[in-house]
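Trainee: Got a structure for you, written out below as structure tokens; questions coming shortly.
Residue numbers (the working numbering): 687 to 902.
Below, the structure written as structure tokens:
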């Protein structure tokens, strides 16, 4: 997934502090002692990342910044772009040029909402069976041509929600813009923002220390 190094966390001399890093540090930033070969209160582990490549997220709704990437350039308030993945992880998405079908090279770092996470009360096997066919048919509808695109109305988000209404009969209220965003997008972007903040602190300073159980 992209070329960003994984963030790791450990505790060296104290259970009270987490040490986050990309490259294993030679000395402990707390006690200043050498780390290699010494006892670790908590051995290193990879911090879970809220991002995936679209290739790793079939049958999903995927989100990425319209410009740049989450980890390096994204800031709160920047525009986001949303699309739908096929069973093979290809991303169908809609913008001012019309509908595109992109591979994972265009969506290497994105937030994903697995359709199985939102299929409460629906037959998953039937929906997944027809997913690719319905996605292709939906993308070829005349309402998704480039000349009908609007940056605030009839945009990439409308394209995704309209597809969900096609494939999930009777769910008009369920996939309203506000309800879908509040239930499925905002919780994931909130986690992503926390990870982005941590990632940049580690990259900018070489490592980052926080109190255990701290929100930082």
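The beta carbon of each residue, even a glycine, is placed where N, CA and C say it ideally should be. Note that this is a predicted model, so its numbers are computed, not measured.
Hey, how far is the Cα of residue 822 from the Cα of residue 756?
Mentor: Those two C-alpha atoms are separated by around 28 angstroms.
Trainee: Can you look up residue 824 in the DSSP assignment and give me helix, strand or coil?
Mentor: Residue state, collapsed to three classes: helix.
Trainee: If you draw a straight line from the alpha carbon of residue 897 to that of residue 704, how long is it in whole angstroms?
Mentor: Approximately 6 angstroms between the Cα atoms of the pair.
Trainee: For residue 799 and residue 771, I'd like the C-alpha separation in whole angstroms.
Mentor: Those two C-alpha atoms are separated by around 10 angstroms.
Trainee: Tell me the DSSP secondary structure of residue 767 in three-state form.
Mentor: It is a strand residue.
Trainee: Compute the beta-carbon to beta-carbon distance between residue 888 and residue 708, rounded to the nearest angstrom, for a pair I have assumed lies under 8 angstroms.
Mentor: That belief holds up - the Cβ atoms of residue 888 and residue 708 are roughly 6 angstroms apart, short of 8 angstroms.
Trainee: Rounded to whole angstroms, what is the Cα-Cα separation between residue 779 and residue 724?
Mentor: One C-alpha to the other measures close to 51 angstroms.
Trainee: Quick check on residue 843: does DSSP put it in helix, strand or coil?
Mentor: If DSSP states are grouped into helix, strand and coil, residue 843 belongs with the helices.
Trainee: Enumerate in chain order the residues of its own chain whose CB-to-CB distance from residue 784 is below 8 angstroms, with the five nearest sequence positions on each side excluded.
Mentor: Counting only Cβ-Cβ distances below 8 angstroms, and skipping sequence neighbours, we find 830, 831, 832 and 835.
Trainee: Apart from the five residues just before and just after residue 741, which ones in its own chain have a Cβ nearer than 6 angstroms to its Cβ?
Mentor: These residues qualify, in order along the chain: 775 and 790.
Trainee: Assuming residue 769 and residue 842 are in contact, meaning their beta carbons sit under 8 angstroms apart, how far apart are those beta carbons, in whole angstroms?
Mentor: That pair is a contact at about 7 angstroms.
Trainee: Within the same chain, show all residues whose beta-carbon is closer than 7 angstroms to that of residue 810, passing over the 5 residues directly before and after it, in chain order.
Mentor: Closer than 7 angstroms at the Cβ level, and outside the excluded window around residue 810, lie 802.
Trainee: Could you compute how far the alpha carbon of residue 796 sits from the alpha carbon of residue 718?
Mentor: Between residue 796 and residue 718, the C-alpha separation is close to 37 angstroms.
Trainee: Roughly how many angstroms separate the alpha carbons of residue 777 and residue 838, rounded to a whole number?
Mentor: Computed Cα separation, rounded: 21 angstroms.
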